[in-house]
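J.: Here it is: the structure, laid out below.
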Amino acid sequence: MIFYLHYILMTSGLSGVGVLLAVFFKHYTDASQGEIGLLLMSFPFVSMIIKPLFCSMADRCQRHKKYLIYSLAVELIGYAPFAVIPFFSQFYQDHPRASWYILALACHVGNAGLGLAWSLGDSLAMNMSQKNGTPFGQIRMTGTVSFGVVSTNEAAWVLKEAPLEMVA
Amino acid sequence: MINNFLHPVPKQYGFIIGQINEVEFLPKYVPAFFILLFSSALEIVLLALWNDGDFEMVDPLSKEAQLAAKETRNSDEELGTEYQIQELMATASSSLAGTLKLSTAAASVFKQAHLSDEIGKRLEVFMDDGEASRQEKTGAKQSNKSAISSILEKGLHNNEKELAGEKGKRRNPQWILLKMILAQDGRALKYIIVFTMYGFLHAPVNFVFLGVESVCHERGYNFSQLAGCMMISLASVETLAFLIAPWFLNRCVSRSNIIGFGFVIMTIRYGFYSGWYYTGEISPYWAVLGEWGLGLSYALFCTIQAEVSLMLANESRLFIPELRRLGYLGDEKSCTKEQLEEEERSVKMALRATVQALLDGFMSGLGFGAGALICGLLIEVYSYSSLWRIICIITAAACLLHQLVEVTRSRWSDSRKPPKGTIAFEIMELSKKLKEVRTSQLVG
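These protein sequence lines are chains A and B, in that order. Note that the working numbering gives residue 273 to position 168 of the first sequence, counting from 1, and the numbers run on in steps of one. Note that the working numbering gives residue 407 to position 387 of the second sequence, counting from 1, and the numbers run on in steps of one.
Pasting the structure below:
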C-alpha cells in the first residue's frame with residue numbers, strides 16, 4: 106500500500122515541476138533561454154552520478170527506508186525556495202541574478218533528492234512485488250494515473266499561458 | 021467531425037492545478053510547488069510511521085530455500101542420525117558453529133557454551149536427553165559423539181578475538197561484486213546499452229510537443245487542448261501497459277522480444293511523425309494516436325528495467341565463493357555460522373537498489389541527457405520531420421541490432437546456452453529459476 110501512495114504522491118508533485126520549471130525561471134529570474142536549457146540538460150547527468158552513489162550506500166547499510174526519507178527531505182529542502190522566493194517580489198526584481206543562482210542550485214539539490222527517491226522507490230516496490238506477488242506494473246501504474254490526472258490539466262493550463270519554447 | 025468536437029476551447033482548462041494556480045492571493049506558479057512540497061512532506065510522514073518490515077529487502081528464492089530446508093529436515097528425520105553423522109564428518113574441518121547441522125535446540129547449546137571446555141560436557145548431557153534417544157535407535161550415538169569431538173578439537177582455536185581482527189580487515193565487496201557481474205554476465209552490458217538507447221529515444225518528447233505546436237500554429241488549431249489530449253492518451257496507454265506488461269513478461273513473451281517490440285513501436289511512432297504528419301493536410305489531433313507509442317514503450321521498458329535490475333542484483337549470490345576466496349568475506353574456518361549467514365545475506369542484498377539506480381541512471385540520465393542534447397543540436401540544422409526521420413532510422417537500427425544479438429545467441433543474448441559447470445551457466449539457470457518464481461507468484 107505504501108508504494109502505491111509513494112507513486113501517487115511522487116508523480117503528482119513531479120508533474121508540476123516538469124512542466125513549470127522553465128516558465129518559473131523565466132518569470133522570477135533574468136536567466137536567458139540558453140541558461141535555462143543548460144540547467145535542464147544538466148539534470149539527467151547529475152542524477153546519473155547521484156543515484157547509484159547513494160543507492161549503493163543504502164544497500165550497504167540496508168537502510169532503504171531511512172534513505173528514502175532522507176532523499177524526500179532533500180527534495181523538500183531543495184524545492185522550498187521555489188515556494189518562498191515568489192513571495193519576495195522586491196528581492197527577485199532587484200536581484201534577478203541572485204535569484205537565478207539560488208534557484209538553479211536549489212533545483213539541483215531538489216532534483217538529486219527526487220531522482221534518488223525515485224530509484225529507491227522503484228527498487229523497494231520491486232522488492233515488495235516479489236514479496237507478496239503483486240505485479241510491479243500494478244504498483245507502478247498508480248504513478249502514471251496520478252501523472253496523467255495532474256499533468257494533463259497542468260500542461261494544458263501552462264501551455265495556454267506560456268510560450269512553448271520555455272516549457273520544452 | 022472530430023475537429024468540430026475538439027475545437028471549442030473551454031474557458032478554464034486545467035481544472036486541478038490550473039485552477040489552483042489562478043488563486044489571486046498567491047504568486048504565479050507557486051501553488052504547483054506547494055503541491056510538490058506538500059506531497060513530499062506527506063510522504064515523509066507516511067514513511068516514518070509505516071511498518072519497517074515493508075522496506076526490508078527479501079531474497080526471491082528464500083521461500084524455495086525454506087522449502088528445500090524443510091525437505092532436508094524431513095529426510096533427516098527419516099534417515100535418522102546417519103545422515104547427520106555423514107554431514108558432520110564431511111564438514112569437520114569447518115568451524116564449529118558454522119557447520120553443525122543439528123536442531124535449533126542443539127545449536128543453542130553451542131551458542132551458550134561458545135567454544136569453551138564446557139561445551140563437551142553440555143553436549144554429552146544433551147545427547148543423553150531427548151535427541152540422543154532417537155539416535156540410539158539407529159545405533160549411531162557413539163559415532164556422532166566422536167564426530168563432534170573431532171570438530172570440537174578443530175574448532176576450539178576460533179576465539180572471538182581472532183574473529184574481531186578478521187572482521188576489521190574485510191573490505192566492502194559491493195563494487196567488486198558489481199564488476200564481477202558485469203564481467204561474467206554479458207547481458208548486463210547489453211541492457212545498459214539498451215536502456216541508454218531507450219533514454220536517448222525517449223528524450224525528444226519535448227521536441228514532439230514543439231513540432232506539434234508549430235503544426236497547430238500553422239493550421240490554426242488549439243495546441244493547449246491538443247497537448248492535454250496527448251497527455252491523456254500517453255498516460256492512459258501507459259497505465260494499461262503497466263498492468264499487462266508483467267503478465268506478458270512472465271508468461272507469454274520473452275524479455276528480448278518485448279524489448280524488440282518496444283523498439284518497433286518507437287520506430288512506428290517516429291515514422292509517423294516523419295511521414296505524412298507534417299506534410300499531409302490532416303488534423304494535428306492524430307498526434308494523440310502517436311503518443312500511444314510512447315506510453316506503451318515507456319511502460320514496457322520501465323517494467324523490464326525493474327525486472328532486469330532485480331535479476332542482475334540477485335546474481336550476486338553466485339559470487340559468494342569467489343568473494344570468500346579473494347578474502348572479501350570471512351572464510352568458513354574463522355567465522356561462526358551466524359557471521360557467515362549474515363555475510364551471505366548482505367552479499368545477496370548488496371546491489372538491489374544500486375543496480376536499479378545504475379540502470380535508471382543510464383536510461384533517464386545518460387540516455388535522456390544525450391538525447392535531449394543531440395536533438396537540440398539537430399533541430400538547429402534540420403526541420404522537425406527530418407529530425408524524426410533521423411531518429412526513426414536510429415530506432416530501427418537499434419531494434420535490428422538488438423534482435424541480431426538475440427538471434428546469434430552471443431554472450432549478450434538472453435537465450436544463450438553456456439557449457440555446464442561455468443559461472444555463465446549458473447547465471448542462466450538462476451535467471452530461469454527467478455522467472456519461474458515470478459510466474460508462480462503471478463499465477464498464485
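Ideal Cβ positions, reconstructed from N, Cα and C, are used throughout, including at glycine. Quick caveat, the model's predicted, so the values are computed rather than measured.
Determine contact between the region 231 to 243 of chain A and the region 192 to 200 of chain A, defined as no fewer than three beta-carbon pairs at a distance below 8 Å.
T.: The answer is no - the region 192 to 200 of chain A does not touch the region 231 to 243 of chain A, with fewer than three Cβ pairs under 8 Å.
J.: List the whole-angstrom C-beta distance separating HIS213(A) from VAL122(A), where the pair is believed to meet the contact cut-off of C-beta under 8 Å.
T.: So it is not a contact: roughly 13 Å between Cβ atoms.
J.: Can you name the residues of chain B whose CB is closer than 9 Å to the CB of SER161(A)?
T.: Here the neighbours are GLN194, TRP195, LEU198, ALA370, LEU371, ALA373, THR374, ALA377, LEU378.
J.: In whole angstroms, what separates the C-alpha of GLY315(B) from that of PHE215(B)?
T.: Each residue's alpha carbon lies about 16 Å from the other.
J.: Helix, strand or coil, according to DSSP, for SER224(A) in the structure here?
T.: It is helical.
J.: Report the rounded CA-to-CA distance for ASP72(B) versus GLU327(B), giving the unit in angstroms.
T.: If you take the alpha carbons of ASP72(B) and GLU327(B), they lie about 23 Å apart.
J.: Can you pull out the residues from the region 179 to 202 of chain A whose beta carbon lies closer than 7 Å to at least one beta carbon of chain B?
T.: Here the close residues are GLU180, LEU181, TYR184, ALA185, PHE187, ALA188, PRO191, PHE192.
J.: May I ask which residues mark the beginning and end of the alpha helix (DSSP H) holding ILE411(B)?
T.: It spans 404 to 427 - the alpha helix (DSSP H) in which ILE411(B) sits, taken as one unbroken run.
J.: What span of residues does the alpha helix (DSSP H) with ASP380(B) cover, start to end?
T.: Element bounds for ASP380(B): 372 to 380.
J.: For ALA136(A), I'd like the list of residues in its chain whose CB is within less than 6 Å of its CB, leaving aside the five on either flank, ordered along the chain.
T.: Within the same chain, ALA136(A) has close Cβ partners PHE130, TRP205.
J.: Among the residues of its own chain, which have a CB less than 6 Å from the CB of GLN104(B), if the five just before and after it don't count?
T.: Caution applies to GLN104(B), whose pLDDT of 45 falls short of 50 and renders its modelled position unreliable; the value that the coordinates give is listed next. If we look at GLN104(B) and ignore the five residues flanking it on each side, it has no Cβ neighbours.
J.: Return the residues of the region 208 to 219 of chain B that lie within a Cβ-Cβ distance of less than 9 Å from chain A, sorted by chain order.
T.: Residues GLY219.
J.: With a cut-off of 7 Å, does the C-beta of SER204(A) fall near any C-beta of chain B?
T.: Chain B contact via Cβ: absent.
J.: At least one CB of chain B closer than 7 Å to the CB of VAL250(A): is that the case?
T.: Yes, because at least one Cβ of chain B sits closer than 7 Å to the Cβ of VAL250(A).
J.: In chain order, what residues of the same chain lie with their CB nearer than 6 Å to the CB of LEU114(A), ignoring the 5 residues before and after it?
T.: Counting only Cβ-Cβ distances below 6 Å, and skipping sequence neighbours, we find nothing.
J.: Which residue spans inside the region 203 to 267 of chain B form an unbroken alpha helix (DSSP H) run of at least 4?
T.: Runs found: 206 to 222, 225 to 239, 243 to 267.
J.: For chain B, check one thing: does any of its Cβ atoms lie closer than 7 Å to the Cβ of ASN216(A)?
T.: No, its Cβ sits nowhere closer than 7 Å to a Cβ of chain B.
J.: What whole-angstrom Cβ distance do GLN194(B) and ARG168(A) have, given they're in contact under 8 Å?
T.: The pair is not a contact, with the Cβ atoms about 14 Å apart (cut-off 8 Å).
J.: May I have the straight-line CA-CA distance separating ILE64(B) from LEU177(A), to the nearest angstrom?
T.: Near 7 Å, if we compare the C-alpha coordinates of LEU177(A) and ILE64(B).
J.: Could one say the Cβ of THR428(B) lies closer than 7 Å to chain A's Cβ atoms, at least one of them?
T.: No, because no Cβ of chain A sits closer than 7 Å to the Cβ of THR428(B).
J.: When you compare only the Cα positions, how much space is there between GLN53(B) and ALA127(A)?
T.: For clarity, residue 53(B) is Phe in the given sequence; the question names Gln instead. Rounded to whole angstroms, PHE53(B) to ALA127(A) spans 13 Å at the Cα level.
J.: Helix, strand or coil for SER435(B), going by three-state DSSP, please let me know.
T.: Reduced to three states, the DSSP call for SER435(B) is coil.
J.: How is TRP205(A) classed by DSSP in three states: helix, strand or coil?
T.: Three-state DSSP puts TRP205(A) in a helix.
J.: In whole angstroms, give me the CA-to-CA distance for MET162(A) and GLY350(B).
T.: So the alpha carbons of these two residues sit roughly 21 Å apart.
J.: For PHE45(B), is the classification buried or exposed, using 16 other Cβ atoms within 10 angstroms of its Cβ as the cut-off for buried?
T.: Exposed, by the Cβ-count rule.
J.: Closer than 8 Å is the cut-off here; do at least three beta carbon pairs connect the region 200 to 213 of chain B with the region 350 to 366 of chain B?
T.: In short, these stretches do not touch, since the Cβ pair count stays below three.
J.: For the alpha helix (DSSP H) containing SER147(A), list its first residue and its last residue.
T.: First-last of the alpha helix (DSSP H) with SER147(A): 138 to 166.
J.: If the criterion is Cβ atoms closer than 7 Å, does the pair LEU386(B) and MET153(A) meet it?
T.: Cβ distance < 7 Å, so LEU386(B) and MET153(A) count as in contact.
J.: Just the C-alpha distance for GLY313(B) and CYS395(B), rounded to the nearest angstrom, thanks.
T.: Using only the alpha carbons, I get a separation of about 19 Å.
J.: DSSP three-state call for GLU358(B): helix, strand or coil?
T.: The answer is helix: DSSP assigns GLU358(B) an H, G or I state.
J.: Starting from ASP205(B), find everything on chain A with Cβ-Cβ shorter than 8 Å and list it in chain order.
T.: Residues of chain A passing the Cβ test: none, with the nearest at roughly 18 Å.
J.: So with Cβ pairs under 7 Å, would you call SER451(B) a contact of chain A?
T.: It does not; no Cβ of chain A falls within 7 Å.
J.: CA-CA distance, LYS368(B) and ALA203(A)?
T.: In a straight line, the C-alpha of LYS368(B) is about 48 Å away from that of ALA203(A).
J.: Strictly under 7 Å for the Cβ-Cβ distance: is GLY231(B) near chain A by that measure?
T.: Chain A, which has no Cβ nearer than 7 Å to the Cβ of GLY231(B), makes this no.
J.: Measuring only the C-alpha atoms, how far is SER430(B) from HIS422(B)?
T.: Roughly 11 Å separates the two Cα atoms.
J.: Where does SER430(B) sit, in a helix, a strand or coil, going by DSSP?
T.: Looking at SER430(B) - three-state DSSP - the assignment turns out to be coil, as it is neither helix nor strand.
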